[in-house]
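The numbering used here puts the sequence shown at residues 1209 to 1625. Idealized CB from N, CA, C, for every residue including glycine. One structure below.
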Amino acid sequence: MNLLSLLAGLTKRDPHALIAIDADPGQPVHVSRSELWRRTLQLRADLATAGVGRGDGVVAWLPNWSDVLDWHIAAASLGAHVVGLDPRTEPDAAASVLGRARPRVVALPAGEDGDGLVAALREAVAAAEAPVPAVAVIAGPNGRAPIDPSPWDVGGGAWLPSATTAGMPMPKTSGDELAVAFAPGLAAHRESAIVRHSLAVAEALGIRDNDLMACTRPLTGVPGFCFAFAALAGGAGCLLEPGCDEDTLLDDMARFGATQLVADDGTARRLADAWHRRHRALPTWRWLGVLGATGGDPEAAGWAEKELGVVSTGVYGSADVLVPPALWPGDAPAPARWHAGGRPVSPEVEVRVTDPVSGRPLPGGEQGELQFRGYGVADAYLGHPEHGPPRLTGDGWFATGDLGVLTGDGAFRCLAG
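Set out below in structure tokens:
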């Protein structure tokens, strides 16, 4: 199975089911599976016309819009990969990405969301030693596509995505290429790994049809991307917040019936403060995952469980490993469950703890360096084809540099990053 066939199966099962909500504060946009399917097929045709093919890269420099989902799926179906850039990315960081990823196409937003990004892209292109990319101008959920895309042209041409049409045939896809790379290090992962991981996380979390994952983390980063595609793999929808404060997020979760939420520990603490200032009824919310929770502040993960009965867990994340490599089961005891860690989400994901000096594997209870092996570890790093993953041990384990301990029940706990 690949990403396109995953979406095809969801659409065939229930074409009208919700797959995303673009939570525009004025006019939210609900996206069905069939609409995302049509958008993906049309975008695939547009990218192919633009010369994107196997082994090529594209950059999605976009807000947290549902458009990011079809860019990933469409590009992967052509054997290409996507590098996501947050709209707040500085030109020098973008230039580094362009120089190493050498994308054929860069997707930029139209309207107010794109203000400043064309100039930033021009600056990045001037600084990067790479071919000048074409620009695809994306209107966004409630935006209007410009009549003339030429103001977005940075030297490689500019174009508008075509309007979707019904009845486009399922294209043939083959191979297993790199499908996504994450800035700034450009750790890249194959499409098969993304699909396997998405299905494993969906099963571990018990994600099901009609669930709604609140996606506050940028889809351009590892956690945001992984949890969004886990939601899709489980048949759920994604509540996409392009940028909001904690009060708005809680209001939207109550309004749309969000069932899962992943947040960093700082955001989780601010959510607690916002909820205590003004209580909301959140009867559908079942699970909170807190990235970076090492137990120093249990309230970051524990407040929702204490106040609302929401199962809360700490979530371990590494820029070079698909997130989360492990999850705590909901019946694991708290407060230990509020630490980052857990049991591997799949038998194909392995974790060990080693002595930082000798590299000797350590038994449960002894502190050392966390190391991972399996499909979740990056397959390549764009711009460095001659090198394998950094910090890869001689026996094939990825050394994270993080301090952790095995707990003796097949789980681990991160102690410091």
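Taking C-beta atoms as the reference points, L1270 and R1241 fail to come closer than 8 Å. Counting C-beta atoms within 10 angstroms of its own C-beta, E1574 has fewer than 16 neighbours from the protein chains shown and is therefore classed as exposed. About 4 Å separates the beta carbons of T1248 and D1278, which is inside the 8 Å limit, making them a contact pair.
For M1376, there is no enclosing alpha helix (DSSP H), as DSSP marks it with neither H nor E. By the Cβ neighbour-count rule, Q1235 is exposed, with fewer than 16 other Cβ atoms within 10 Å of its own. Here V1333 has V1340 and V1362 as same chain residues with Cβ atoms under 6 Å from its own Cβ, once five neighbours each way along the sequence are excluded.
Assigned with DSSP and collapsed to three states, L1277 falls in helix.
Within the DSSP bridge table, the entry for S1240 names L1226 as partners. In the DSSP assignment, M1421 is bridged to C1446 and Q1468. Under the 8 Å Cβ criterion, the stretch 1426-1438 does not count as touching the stretch 1607-1615, having fewer than three qualifying pairs. Within the same chain, and ignoring the five residues on either side of P1223 in sequence, the residues whose Cβ sits closer than 6 Å to its Cβ are R1241 and S1242. In the same chain as P1354, and ignoring 5 residues on each side of it, the C-beta atoms closer than 7 Å to its own belong to A1318 and V1345, in chain order. For H1397, the enclosing beta strand (DSSP E) covers residues A1395 to R1398. Taking a contact to require three or more Cβ pairs closer than 8 Å, the stretch 1479-1498 and the stretch 1513-1521 qualify as touching.
The C-alpha of E1449 is placed about 33 Å away from the C-alpha of P1555. Cβ atoms of A1512 and M1461 stay farther apart than 8 Å, at about 11 Å. Note that the C-beta distance between G1265 and V1291 is below 8 Å. Measuring C-alpha to C-alpha distances from S1213 to each of V1313, R1560, S1382 and G1348 identifies S1382 as the nearest. Across the structure, D1254 and S1370 are spaced so that their CA atoms are roughly 7 Å apart.
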